[in-house]
Amino acid sequence: MTEDLTPAEAYAAARARNAERATALYPFREMYDFDLDPFQIEACKALEAGKGVLVAAPTGSGKTIVGEFAVHLALAQGRKCFYTTPIKALSNQKYADLVKRYGADKVGLLTGDNSVNGDAPIVVMTTEVLRNMLYAGSQALSGLGYVVMDEVHYLSDRFRGAVWEEVIIHLPESVTLVSLSATVSNAEEFGDWLDTVRGDTEVIVSESRPVPLWQHVLAGRRMYDLFEEETDHGGRGASRREVNPDLLRLARTENTRTYNPRDRRRGKMVREADRERERHQRSRIWTPGRPEVIDRLDAEGLLPAITFIFSRAGCEAAVQQCLYAGLRLNDDEGRQRVREIVEARTASIPTEDLHVLGYYEWLEALERGIAAHHAGMLPTFKEVVEELFVRGLVKAVFATETLALGINMPARSVVLEKLVKWNGEQHADITPGEYTQLTGRAGRRGIDVEGHAVVLWQRGLDPGHLAGLAGTRTYPLRSSFKPSYNMAVNLVDQFGRHRSRELLETSFAQFQADRSVVGISRQVQKNEEGLEGYREGMTCHLGDFEEYALLRRDLKDRETELAKQGAAQRRAQAANSLEKLKPGDVIHVPTGKFAGLALVLDPGIPAGRTNGHRGFEHHDGPRPLVLTAERQVKRLASIDFPVPVEALERMRIPKSFNPRSPQSRRDLASALRSKAGHINPERHRKNRAAAADDREIARLRTAIRAHPCHGCDEREDHARWAERYHRLQRDTRQLERRIEGRTNTIARTFDRIVALLTELDYLRGDEVTDNGKRLARLYGELDLLASECLRDRVWEGLTPPELAACVSALVYESRQADDAVAPKLPTGNAKAALGEMVRIWGRLDALEEEFKINQAEGVGQREPDLGFAWAAYQWASDKSLDQVLREAEMPAGDFVRWCKQVIDVLGQIAAAAPKEDSTVAKNARKAVDSLLRGVVAYSSVG
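So the sequence shown is residues 156 to 1097, counted in the numbering used here.
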């Protein structure tokens, strides 16, 4: 109470209030109709104090408030603020938010697709755009005070993550960095790195969600809570989360319901009773269908909901299933509002394209409050879905995981159909980080009291595993930084080779590698202390025991080597003898389970068909198929023949012989015993051991006997210490090699790239050649290939559509398997140019192998993909959308995305190509105009 304060306390409180009103944070807080959370206030105060900040907090917790405060500070100080995002959709959304707050004249947008008011004091952009501006030394960087990096945890992305680190390293020191991240377990480590490369950085971590999240499993008609909350019985009132016992019981019931072969011997009545009981249990436990799930959520007031399905086709199928089931989530008024919004947002799409894009089916679903959301959709369609969802006019969205990447589409509930997804190489369990990211969409701040995450019951679901996913709220941030050709020439051009190398050593990737070395270095130090103790233990008064131990070890190693050579020689002789076997040979199997007399039915080598039996090729040598004297037909392995084998006799195998017929086997085995049962096989004579005649072994034995330590009474005691010394020394050297492999790894990769670029005349010491300056303007995975094509004039004389087809091979990556049908290509000059591009790539690939540049590590040039060449050629040739999509067999969203990437690279080529004596620059600009039409040209900024 104010009246209870002493005059001094009241004065102090008044001063504090006045001081707070004088801060930039005070008017900023007044702009919001809710109180800021403690972590937001802490971050904003650090920013106002001139520090950089790293804010790590759960999805939906309001991290972007801190980014918006950086915008507020920049405007108040008359400086610029760049707000970067990982994806264009998020850039568009943030641009719209900031325009609404500050007005269109103060906010710009740069995404590669769009350039709106780029000189504004606030510019929203994708991270790649800022990276390109830094390398180009853009004038737009002057007056830059703040950079907000939204979703900075994206630097773990193995394809694009390096861009984030490039920006962080190369931003001018005067720029204050605001990094916004999902909750990561090594935020302090990342903060330490930011502190190193950017100066004073405050790390603010918030683990609490603004809206509590409840976890459920939906099985049949019942919604189970994943956890049951139990009060701690120690009296402290703390609560711990235990997995729901009903759910564990359900999983045990399902998983123990397996086939038992003994059931075949049980009575018919008992089996029938079991089946009836199982039918009854199944009637209570099943995986609910998609319409059934939405209906259930609607009945319990848990809509709007996002259902994550890790397949585009699955998302579209889910919408159709809901339509066929007659689901309607909107009333008449809602349907009318949906139609008005959709028609306004799609008015620019030509009528003839609407049918091709599936517009009318899409609109019908939207009017019912149902939609899909995935990368295969037209960008305009996705944006409409997002807008309607936020307005509450779409209540059920079926989405792929791309929706979880920061787009502002919070829901009351999130549904996960499965806990397995295709990661590009195989079906793998989703990680705790992915689970947190997906379920983080549940619970709308200021709207919902609680959010709900629902996992659908699947046979084999382990509640304990699910609880682990739900309980592990964090995941580590791992750098994916790798130098590229473009990065190398840009760095050398700005800083020279030596300084560039030092800059790369400051990357987060190297920071993490160096930190991991610290623990290994400590172990090396401990080992060295142990070696000193072992050295004392093996000291001998008669002489140098370390020298004597080395002689003994050399002798042991030589004996082991000769023994291995002898064993390998015997195996080779045995394999050679097996290769000489023919069907009908009678042999004696020397050892193993089937030792004894046997008849060769098939020698088990790639010999085609022999006597009606197919030969097989085996990687571990011949594997003959034999009939034993005990009537068994078995395929033997090389392990059954430690010594060479010879045919004892020959027998004819009847053409009617059937190895699956017991009678047939019995008759032939009887004939085998009669024919060869009396023959005693010759015993294999062992050869004289190679060690007996080896000069090196004789020399070492003589040296050992002549050594002074050989006569020591405590010789074997010393030898035990020497053996321990040797083992520890070997382990220590392995650790030292690991340290060497981890330190300076980025710089060594940079050195190899620089060596290759020097070989190709892109660099000469610290000088960047004209070829290098051209490469510096080309960004992308195949930057060096594009530069080589320009240098070799591969694209000269091509028409704009032909050039578009060729450039598509630099950006496109097929979603199909490598062994898919060969793609259709344009004929004539375009086909010849594409072939030349593949040949140049082959030359570069060989060079990369020579310079030890490894594509598996994310460095180097992948093979150009020709799968989009025909579609790009057709579209640039003014063919209709219907024809292009039908022939390309590609969703409209994918087609638009690839076209925009081709346009982006064509723009780079137009800037990098020679201006004189070349048609490439002019035709690249014409190709851009040819591609930028119809669905590709629809602006994603309204």
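Glycine included, C-beta positions come from ideal geometry on N, C-alpha and C.
Checklist entry - Quick one: what does DSSP say ARG815 is sitting in, helix, strand or coil? => result Position 660 of the sequence shown, counting from 1, holds the residue named residue 815. ARG815: coil per DSSP, three-state reduction.
Checklist entry - Would you say GLY1062 and VAL1083 are within 8 Å of each other, going by their C-beta atoms? => result Counted from its first residue, the sequence shown places residue 1062 at position 907. Counted from its first residue, the sequence shown places residue 1083 at position 928. Yes. Within cutoff.
Checklist entry - Is ASP822 helix, strand or coil by DSSP? => result Translated into positions along the sequence shown, residue 822 becomes position 667. In this structure, DSSP gives ASP822 a helical state, which the three-state scheme calls helix.
Next on the checklist: Please state the DSSP three-state secondary structure of THR594.
Outcome noted: Translated into the one-based positions of the sequence shown, residue 594 becomes position 439. Residue state, collapsed to three classes: helix.
Next on the checklist: Pull the bridge partners of TYR301 from the DSSP assignment, please.
Outcome noted: Residue mapping note: residue 301 aligns to position 146 of the sequence shown, counting from 1. Beta-bridge pairing by DSSP links TYR301 to CYS236, THR331.
Checklist entry - Around the C-beta of LYS1077, are 16 or more other C-beta atoms found within 10 angstroms, so that it is buried, or is it exposed? => result Here residue 1077 is taken as the residue at index 922 of the sequence shown, counted from 1. Counting other Cβ atoms within 10 Å of its Cβ, LYS1077 stays below 16 and is therefore classed as exposed.
Item to check | Residue nearest to GLN195 in terms of C-alpha spacing, selected from ASP188, VAL210, GLU185 | outcome: Translated into positions along the sequence shown, residue 195 becomes position 40. Residue VAL210 is the option with its Cα nearest to GLN195.
Item to check | Own chain residues within Cβ distance below 8 Å of LYS255, not counting five before or after | outcome: On the sequence shown, position 100 is the one that residue 255 refers to. Non-local C-beta neighbours of LYS255 in its own chain, meaning closer than 8 Å and more than five positions away in sequence, are absent.
Item to check | Nearest candidate by alpha-carbon position, reference LYS737, set GLN720, GLU804, ARG725 | outcome: In the sequence shown, residue 737 corresponds to position 582, counting from 1. That would be GLU804, whose Cα lies nearest to the Cα of LYS737.
Checklist entry - With a CB to CB cut of under 8 Å and the five nearest residues on each side skipped, what residues in its chain are close to LYS830? => result Here residue 830 refers to the residue found at position 675 when the sequence shown is read from its first residue. The answer, listed in chain order, is VAL741, GLU804, MET806.
Item to check | Cβ pair count under 8 Å reaching 3, the segment 934-944 against the segment 988-1001 | outcome: Yes, the segment 934-944 touches the segment 988-1001.
Item to check | Distance between ALA608 and THR594 (C-alpha atoms, nearest Å) | outcome: Taking the first residue of the sequence shown as position 1, residue 594 is located at position 439. Taking the first residue of the sequence shown as position 1, residue 608 is located at position 453. A straight line joining the alpha-carbon of THR594 with that of ALA608 spans about 6 Å.
Next on the checklist: Can you give me the C-alpha to C-alpha distance between ALA163 and ASN247, rounded to a whole angstrom?
Outcome noted: For the purposes of this step, residue 163 is taken as the residue at position 8 of the sequence shown. For the purposes of this step, residue 247 is taken as the residue at position 92 of the sequence shown. For ALA163 and ASN247, the distance between alpha carbons rounds to 52 Å.
Checklist entry - Does any CB atom of chain B fall closer than 8 Å to the CB of ALA275? => result Protein chains in the displayed structure number just one, and chain B is not present.
Item to check | Distance CB(MET564)-CB(ARG596) smaller than 8 Å | outcome: Reading the sequence shown from its first residue, position 409 is the one you call residue 564. Reading the sequence shown from its first residue, position 441 is the one you call residue 596. One thing to note: MET564 has its Cβ within 8 Å of the Cβ of ARG596.
Checklist entry - Are at least three pairs of beta-carbons, each pair with one atom in the segment 902-910 and one in the segment 727-736, less than 8 Å apart? => result Taking a cut-off of 8 Å for Cβ pairs, the segment 902-910 and the segment 727-736 do not touch, as fewer than three such pairs fall below it.
Next on the checklist: Can you tell me whether SER1035 is helix, strand or coil according to DSSP?
Outcome noted: Counted from its first residue, the sequence shown places residue 1035 at position 880. Here SER1035 sits in coil by DSSP.
Checklist entry - Per DSSP, what kind of secondary structure is ARG764 in: helix, strand or coil? => result One-based indexing of the sequence shown puts residue 764 at position 609. Residue confidence is low: ARG764 scores 39 on pLDDT, short of 50, so the model does not pin down where it sits. Its coordinate-derived value is still stated next. Reduced to three states, the DSSP call for ARG764 is strand.
Checklist entry - Tell me which same chain residues have a C-beta within less than 7 Å of the C-beta of LEU452, skipping the five on either side of it? => result Within the sequence shown, numbered from 1, the residue matching residue 452 stands at position 297. If we look at LEU452 and ignore the five residues flanking it on each side, its Cβ neighbours are LEU458, ALA460, SER568.
Checklist entry - If you draw a straight line from the alpha carbon of GLY468 to that of ALA527, how long is it in whole angstroms? => result For the purposes of this step, residue 468 is taken as the residue at position 313 of the sequence shown. For the purposes of this step, residue 527 is taken as the residue at position 372 of the sequence shown. The question names Gly, but residue 468 in the sequence shown is Ala. If you take the alpha carbons of ALA468 and ALA527, they lie about 10 Å apart.
Checklist entry - If you pair each beta-carbon of the segment 346-365 with each one of the segment 682-692, do three or more pairs fall below 8 Å? => result Between the segment 346-365 and the segment 682-692 there are fewer than three inter-stretch CB-CB distances shorter than 8 Å, so the stretches are not counted as touching.
Item to check | Inter-residue spacing [alpha-carbon to alpha-carbon] between ARG708 and ARG879 | outcome: Looking up residue 708 in the sequence shown gives position 553. Looking up residue 879 in the sequence shown gives position 724. CA-CA distance, ARG708 to ARG879, rounds to 12 Å.
Checklist entry - Is it buried or exposed for THR746, if we count other Cβ within 10 angstroms and need 16 for buried? => result The residue given as residue 746 occupies position 591 in the sequence shown. It is exposed - the Cβ of THR746 has fewer than 16 other Cβ atoms within 10 Å.
Checklist entry - For GLU660, which residues from the same chain have a beta carbon less than 6 Å from its beta carbon, with the 5 sequence-adjacent residues on both sides left out? => result Numbered from 1 along the sequence shown, position 505 holds the residue referred to as residue 660. So the list reads ALA902, once near-sequence residues are dropped.
Item to check | alpha helix (DSSP H) segment containing GLN720, residue limits | outcome: Locating residue 720 in the sequence shown gives position 565, counting from the first residue. Membership of GLN720 in the alpha helix (DSSP H) is indicated by the continuous run 700-734.
Checklist entry - Can you list, in chain order, the residues of its chain whose CB lies under 7 Å from that of ASP401, leaving out five sequence neighbours each side? => result Your numbering for residue 401 matches position 246 in the sequence shown. For ASP401, same chain residues with a beta-carbon under 7 Å away, outside a window of 5 residues either side, are TYR379 in chain order.
Checklist entry - Are the CB atoms of PHE536 and TRP517 nearer to each other than 8 Å? => result As a position in the sequence shown, residue 536 is number 381, starting the count at 1. As a position in the sequence shown, residue 517 is number 362, starting the count at 1. A contact, by the Cβ cut-off of 8 Å.
Checklist entry - From this set, LEU940, ASP886, THR900, which residue's C-alpha is nearest LEU912's C-alpha? => result Stepping through the sequence shown from its first residue, residue 912 is reached at position 757. Selection LEU940, ASP886, THR900 evaluated against LEU912 yields LEU940 as nearest (Cα-Cα).
Checklist entry - Considering only the beta carbon of each residue, do ALA964 and PRO618 sit closer than 8 Å? => result As a working note, residue 964 is residue 809 in the sequence shown. As a working note, residue 618 is residue 463 in the sequence shown. With respect to the 8 Å criterion, ALA964 and PRO618 are not classified as neighbours on the basis of their beta carbons.
Next on the checklist: Measuring straight from C-alpha to C-alpha, what distance separates PHE749 and ALA722?
Outcome noted: For the purposes of this step, residue 749 is taken as the residue at position 594 of the sequence shown. For the purposes of this step, residue 722 is taken as the residue at position 567 of the sequence shown. Straight-line spacing of the CA atoms in PHE749 and ALA722 works out to 22 Å.
Checklist entry - Exposed or buried, what is THR161 when buried is set at 16 or more other beta-carbons lying within 10 Å of its beta-carbon? => result As a working mapping, residue 161 is identified with position 6 in the sequence shown. Result: exposed.
Next on the checklist: Is it buried or exposed, ALA643, if we count other Cβ atoms within 10 angstroms and call 16 or more buried?
Outcome noted: One-based indexing of the sequence shown puts residue 643 at position 488. Residue burial is scored here from C-beta neighbours: ALA643 has at least 16 other C-beta atoms within 10 angstroms and is therefore classed as buried.
Checklist entry - Which residue or residues does DSSP assign as beta-bridge partners of ARG376? => result Mapped onto the sequence shown, residue 376 falls at position 221. ARG376 is not bridged to any residue.
Item to check | According to DSSP, residues forming a beta bridge with HIS743 | outcome: Looking up residue 743 in the sequence shown gives position 588. BP columns for HIS743 point to LEU752.
Next on the checklist: Give the list of continuous beta strand (DSSP E) stretches no shorter than 3 residues that lie fully inside the segment 482-513.
Outcome noted: None, since the segment 482-513 contains no complete beta strand (DSSP E) of that length.
Checklist entry - Ends of the alpha helix (DSSP H) at ARG929? => result By one-based count along the sequence shown, residue 929 stands at place 774. The continuous alpha helix (DSSP H) containing ARG929 extends over residues 925-930.
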